[in-house]
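If you read the sequences in order, they're chains A and B.
Just so you know, numbering that gives the first Met the number 0 puts 10 at position 11 of the first sequence, and the rest follows in order with no gaps.
Just so you know, numbering that gives the first Met the number 0 puts 322 at position 323 of the second sequence, and the rest follows in order with no gaps.
Every residue gets a Cβ at the ideal spot worked out from N, C-alpha and C, and that includes glycine.
Working notes, beginning with the structure itself.
Protein chains: 2
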Amino acid sequence: MTKPRTRRGGGRPTIADVARKAGVGAITVSRALREPERVSEELRRQIQAAVDELGYVPDPNARALASARAEVFGVLVPSLTNNVFAEVVRGIYDSLSASPFRIQLGNTHYSGLEEERLLQLFGSQRPAALIVAGIDQTPASRKLLESAGCPVVQVMETGPDPVDMMVGFSHLDGGRAATEHLIEAGYRRVGFIGARMDPRSQRRLAGYRAAMEAAGLFDPRLVTTTPVLSSVSLGREMFRDALAKVPTLDGVFCNNDDIALGVLFECHRASIAVPKTIGIVGFNDLDMMQVAFPSVTSIRTHRYEIGRRAVAMALAAIAGKRPEQRIVDLGFELKRRESTAR
Amino acid sequence: MTKPRTRRGGGRPTIADVARKAGVGAITVSRALREPERVSEELRRQIQAAVDELGYVPDPNARALASARAEVFGVLVPSLTNNVFAEVVRGIYDSLSASPFRIQLGNTHYSGLEEERLLQLFGSQRPAALIVAGIDQTPASRKLLESAGCPVVQVMETGPDPVDMMVGFSHLDGGRAATEHLIEAGYRRVGFIGARMDPRSQRRLAGYRAAMEAAGLFDPRLVTTTPVLSSVSLGREMFRDALAKVPTLDGVFCNNDDIALGVLFECHRASIAVPKTIGIVGFNDLDMMQVAFPSVTSIRTHRYEIGRRAVAMALAAIAGKRPEQRIVDLGFELKRRESTAR
DNA sequence: CGCCAATTTGGTAGCGCTACCATCTCCTAC
DNA sequence: GTAGGAGATGGTAGCGCTACCAAATTGGCG
Numbered sequence: 000m001t002k003p004r005t006r007r008g009g010g011r012p013t014i015a016d017v018a019r020k021a022g023v024g025a026i027t028v029s030r031a032l033r034e035p036e037r038v039s040e041e042l043r044r045q046i047q048a049a050v051d052e053l054g055y056v057p058d059p060n061a062r063a064l065a066s067a068r069a070e071v072f073g074v075l076v077p078s079l080t081n082n083v084f085a086e087v088v089r090g091i092y093d094s095l096s097a098s099p100f101r102i103q104l105g106n107t108h109y110s111g112l113e114e115e116r117l118l119q120l121f122g123s124q125r126p127a128a129l130i131v132a133g134i135d136q137t138p139a140s141r142k143l144l145e146s147a148g149c150p151v152v153q154v155m156e157t158g159p160d161p162v163d164m165m166v167g168f169s170h171l172d173g174g175r176a177a178t179e180h181l182i183e184a185g186y187r188r189v190g191f192i193g194a195r196m197d198p199r200s201q202r203r204l205a206g207y208r209a210a211m212e213a214a215g216l217f218d219p220r221l222v223t224t225t226p227v228l229s230s231v232s233l234g235r236e237m238f239r240d241a242l243a244k245v246p247t248l249d250g251v252f253c254n255n256d257d258i259a260l261g262v263l264f265e266c267h268r269a270s271i272a273v274p275k276t277i278g279i280v281g282f283n284d285l286d287m288m289q290v291a292f293p294s295v296t297s298i299r300t301h302r303y304e305i306g307r308r309a310v311a312m313a314l315a316a317i318a319g320k321r322p323e324q325r326i327v328d329l330g331f332e333l334k335r336r337e338s339t340a341r
Numbered sequence: 000m001t002k003p004r005t006r007r008g009g010g011r012p013t014i015a016d017v018a019r020k021a022g023v024g025a026i027t028v029s030r031a032l033r034e035p036e037r038v039s040e041e042l043r044r045q046i047q048a049a050v051d052e053l054g055y056v057p058d059p060n061a062r063a064l065a066s067a068r069a070e071v072f073g074v075l076v077p078s079l080t081n082n083v084f085a086e087v088v089r090g091i092y093d094s095l096s097a098s099p100f101r102i103q104l105g106n107t108h109y110s111g112l113e114e115e116r117l118l119q120l121f122g123s124q125r126p127a128a129l130i131v132a133g134i135d136q137t138p139a140s141r142k143l144l145e146s147a148g149c150p151v152v153q154v155m156e157t158g159p160d161p162v163d164m165m166v167g168f169s170h171l172d173g174g175r176a177a178t179e180h181l182i183e184a185g186y187r188r189v190g191f192i193g194a195r196m197d198p199r200s201q202r203r204l205a206g207y208r209a210a211m212e213a214a215g216l217f218d219p220r221l222v223t224t225t226p227v228l229s230s231v232s233l234g235r236e237m238f239r240d241a242l243a244k245v246p247t248l249d250g251v252f253c254n255n256d257d258i259a260l261g262v263l264f265e266c267h268r269a270s271i272a273v274p275k276t277i278g279i280v281g282f283n284d285l286d287m288m289q290v291a292f293p294s295v296t297s298i299r300t301h302r303y304e305i306g307r308r309a310v311a312m313a314l315a316a317i318a319g320k321r322p323e324q325r326i327v328d329l330g331f332e333l334k335r336r337e338s339t340a341r
C-alpha cells in the first residue's frame, strides 16, 4: 500500500479531473477541446461546463510531448529594437493572437552562429512553423531549416531558391529606385550612407551602384559604410565624414530612415539647405519621415504586412493547403517628399 | 508479438539513445546534463561524447512535463513596437541568452483583458518566472500573478505593494522634474501633451500638474491628451491643437520623445523659435534627441537596465537567494539640452 | 432481418524526461 | 572489524496528454 505520492504538478486540474466531473473518458475531453465537431453536442456542453467550473487549462507541454508537435511558431529576427523587425514581429503576433499557437521569438543579433544555435534550440521543440528573417542563412542553418519538418517562411526579402516559402521584396530594386529618383531630380554627386551592412543593406547598396553606373555617375568615394549598428547619431557622423570626403556631395541615399534623420538634422545644424543643396532619401518610411521638416523622401516597405502574410502562408501550409505561390513579393513604394523636391 | 510502433517523434535521438551509447543509465545522462558536478568526470566525458555524436538536444516539453517546471520566462508588455518596451525586452533577452531559459513574450496591446488572457495562458506552462510591465494589473490579473507559484517582477514603474518584486522608477517624479526644469528655465505657460494615456502617462501628467500647481501656474487648458497611440505625426497635430487653444503657450512637456519630435518639427515648419519662443522637453531620451536640431531636453530612463535587473532578480529568486531589496528604483536623469536653453 | 459502413466513445500504451528511492561502493571513525 | 555516512549510479513510476485501435451505437440497404 504505497501512499499516493503527492501530485507533482501542484494541484492544477488535469484532463482526467474534467473527464471525471463530466462523466466521460479523458480522450473525449481531449477531442471536445481539439475537434469539437467530432463530439456530440450534449457531451460537448457537459465537458465545457466541467472545464469552466474547474478552470481547466490544457498543459501545452504534455500536449506537445504526446502529439510530437508543439503549437509554437519559432520566429528569428536579427534585432528586437530595430523598428523594421519590430513591425514584422507585431504583424506575426497580431495574426496569431486568436490562434492556439504560441510564439517563440529569438534574437540573432545579426549573427549567423547565433542563428544556428537558436535554430537548433527551436528545432528541439518541434515547432509548427518557423519564420526567419533574411535569405542568407549559413549552410548549417539552411540544413536545419530544411530538416525542420515544418513549414518555413523566410521574410523581409525575396530571392531565388527559398527553403520553403518567402515573403518580402527586392532590396536591390528598392535601392535602385531610390537612387534613380535622386538622379532624376537632378542630383549628380549622390552618396550612399549605410550602417550595419547586413545582406539586405548590401543589396540596397548594389541597387544604388547599378543606378549610378547606369547614369555614368558612380564613384567609389561616394560610398560610406560601417558595420556598426545604425542610429540617428551615427547617421549624423557618417554624413559629416561623407561630406569631408566629397565636399561636392549633393545628395544621399541612406540605408535607412534613422541615418536619413541624422543627415537631416546635421543639415539643419550646418545650415545646409534641403532639398536645394542636398537631397535626402531614406529607406523604410517610418511615420516620422512625412512629419519631418522638410519631409523626407523614403522607400515605403510593408513590414507589418510581411509578418501577416508569413503567418497566413504558414497557417495554410499547416492546414495542408500549401499556397501555390511560394514566393510573395510585396514590393515597395517610393514616397516623394520635400527632401528631394528641387 | 506486436510490431514496435514507429517512433512518433520522428527519429530524433532521445536520452535513452545517449545512455545506451555511453553505456550508462538514462538518469545519469539526465544528471550529467543538468548537474554535471554530481557525475564523475569520466562518465561525464563519455556522455558528452555520445551527446555530440548523436546530436542530442533535450526535448524541453518532456523536461517541463516531468519536472513540472518549464524553463521559460513569461514576459508581458503592452507594445512590441514602442521603443521603450523593445529596449526592456532586449535587456531581458540579452540577460537570458546564455541561460537555459527560453522566453515567452506576450503583447497585451495596453488591454487589461488581454493581459488576463495571456497570464492565464502563460500560467498553464508553469513558467520559471514572470515579468510584467506596469503595476496597475486588474484584480484578476493580480490574483493570477500571486498564485503563479514563481517569482514575479513588475517592471517600468515603482510603487507600493508589489506582487513580488519591482524594478523601475517614478513616472510622477519624472514628470515633475521635467516640468520644474521648464519653469526654472523661465517658461510660464507650459503645456502638457500626451498620447496613449496609460497609467504611466497619467502619473507623468500628475507630476506635471504638481509642479505647475506648486508654482501657481496650473491651468487645465494647458493640458492636451488623447487615448490614441503615440506617434511623431500625432505629436505634431496635438501641438497645433494646443497652440490653437492657448496661443500664449511658451513651453511643452511631452509625454514621450515621439511627441516631442513632432512638436519640434512643427516648430520648424511654422518658424517658431526653439528654445526662444517655445521650450520642449521629452521623455525617455531616445538616441535621436541629442542629435536633433536643436537637441531636445529629455528625461533619460534606463530601459535596457530595467530588463537586465528584472532578470537578475528573478534568477536570484529562482536560485533561492531572493534579493532583500524587493523594490528597485533605477531613477532617471534630466538631460538638459538646447530645446530648453534660453 | 441481418450486414456493413459511418459515427461516437473509450481503453491502452506510450511521448521523453525527471522525482524519488534504492543500491552499491568507498571511506572514515571508533 | 564493523557501523555509519557520503557520493555515485541506476530502476521504477509517473508527469498530462494524445495516437492508435477497439468497441459500441446508429442507420441505411439489400
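Looking at residue j and residue i, is the spacing between their C-beta atoms short of 8 Å?
| i | j | result |
| --- | --- | --- |
| Ile130 (chain A) | Ala313 (chain A) | yes |
| Gly281 (chain B) | Ser270 (chain B) | no |
| Ala184 (chain A) | Arg341 (chain A) | yes |
| Pro59 (chain A) | Gln119 (chain B) | no |
| Gly261 (chain B) | Val222 (chain B) | no |
| Gly158 (chain B) | Ile192 (chain B) | no |
| Ile258 (chain B) | Met287 (chain B) | no |
| Arg220 (chain B) | Glu265 (chain B) | no |
| Arg226 (chain B) | Arg195 (chain B) | It is worth fixing the name first, because residue 226 (chain B) is Pro in this sequence and not Arg. Going by C-beta atoms, Pro226 (chain B) is nearer than 8 Å to Arg195 (chain B). |
| Ala85 (chain A) | Thr80 (chain B) | yes |
| Ala205 (chain A) | Leu171 (chain A) | yes |
| Leu64 (chain B) | Ala318 (chain A) | no |
| Gly105 (chain B) | Val74 (chain B) | yes |
DSSP three-state label for residue i, please.
| i | result |
| --- | --- |
| Arg299 (chain B) | strand |
| Ile192 (chain A) | strand |
| Gln201 (chain A) | helix |
| Glu34 (chain B) | coil |
| Lys320 (chain B) | coil |
| Gly173 (chain A) | helix |
| Thr223 (chain A) | strand |
| Leu329 (chain A) | coil |
| Ala15 (chain B) | helix |
By Cβ distance below 8 Å, which residues in the same chain neighbour residue i in space, the five residues on each side in sequence not counted?
| i | result |
| --- | --- |
| Pro35 (chain B) | Arg43 |
| His108 (chain B) | Pro77 and Ser78 |
| Phe72 (chain A) | Ile91, Leu95, Phe100, Arg101, Ile102, Gln103, Pro126, Ala127, Ala128, Leu129, Ile130, Val310 and Ala313 |
| Lys334 (chain A) | Asp284, Met288, Gln289, Thr296, Ser297, Ile298 and Arg299 |
| Thr339 (chain B) | His180, Leu181, Ala184, Tyr186, Gly250, Pro274, Gly278, Ile279, Val280 and Thr296 |
Which same chain residues end up closer than 6 Å to residue i when comparing Cβ atoms and leaving out the 5 residues on each side of it in sequence?
| i | result |
| --- | --- |
| His301 (chain B) | Leu329 |
| Val189 (chain B) | Leu181 and Gly250 |
| Val28 (chain A) | Ile14, Val17, Ala18 and Ile46 |
| Ser140 (chain B) | Glu114, Glu115 and Leu118 |
| Pro12 (chain B) | Leu53 and Tyr55 |
| Arg68 (chain B) | Arg125 |
| Ala21 (chain B) | Gln45, Ile46 and Ala49 |
Please list, in chain order, all residues of the same chain as residue i whose beta carbon is under 7 Å from its beta carbon, the five residues on each side excluded.
| i | result |
| --- | --- |
| Ile305 (chain A) | Val87, Gly90, Val154, Met155, Val166, Gly167 and Leu329 |
| Gly331 (chain B) | The sequence given here has Phe at residue 331 (chain B), not Gly. Result list for Phe331 (chain B): Phe168, Gly173, Ile298, Arg299 and Thr300, in chain order. |
| Arg30 (chain B) | Arg37 and Val38 |
| Val245 (chain A) | Arg188, Gly190, Arg220 and Leu221 |
| Pro161 (chain B) | Gln153, Arg325 and Ile326 |
| Gly10 (chain A) | none |
| Arg6 (chain A) | Residue confidence for Arg6 (chain A) is low, a pLDDT of 49 falling below 50, so the modelled location carries little weight; the figure read from the coordinates is stated next. Nothing meets the Cβ criterion. |
| Asp240 (chain A) | Thr223 |
| Phe217 (chain A) | Arg208 and Met211 |
| Gly122 (chain B) | Leu143 and Ala147 |
Our contact map puts residue i next to residue j with C-beta atoms below 8 Å; I'd like the distance itself, whole angstroms only.
| i | j | result |
| --- | --- | --- |
| Cys253 (chain A) | Ile277 (chain A) | 11 Å between Cβ atoms; not a contact. |
| Ser294 (chain B) | Arg321 (chain B) | The pair is not a contact, with the Cβ atoms about 42 Å apart (cut-off 8 Å). |
| Gly263 (chain B) | Ala243 (chain B) | Reading off the sequence shown, one finds Leu at residue 263 (chain B), where the question assumed Gly. Wrong, their Cβ atoms sit about 18 Å apart, outside the cutoff. |
Whole runs of the alpha helix (DSSP H) within the region 64–120 of chain B, excluding any shorter than 4 residues: 82–95
4 or more residues per run - each alpha helix (DSSP H) lying fully within the region 228–305 of chain B: 231–244 and 256–268
Write down every uninterrupted run of the alpha helix (DSSP H) in the region 127–185 of chain B whose length is 4 residues or greater and which is fully enclosed by it, in chain order. 138–145 and 170–183
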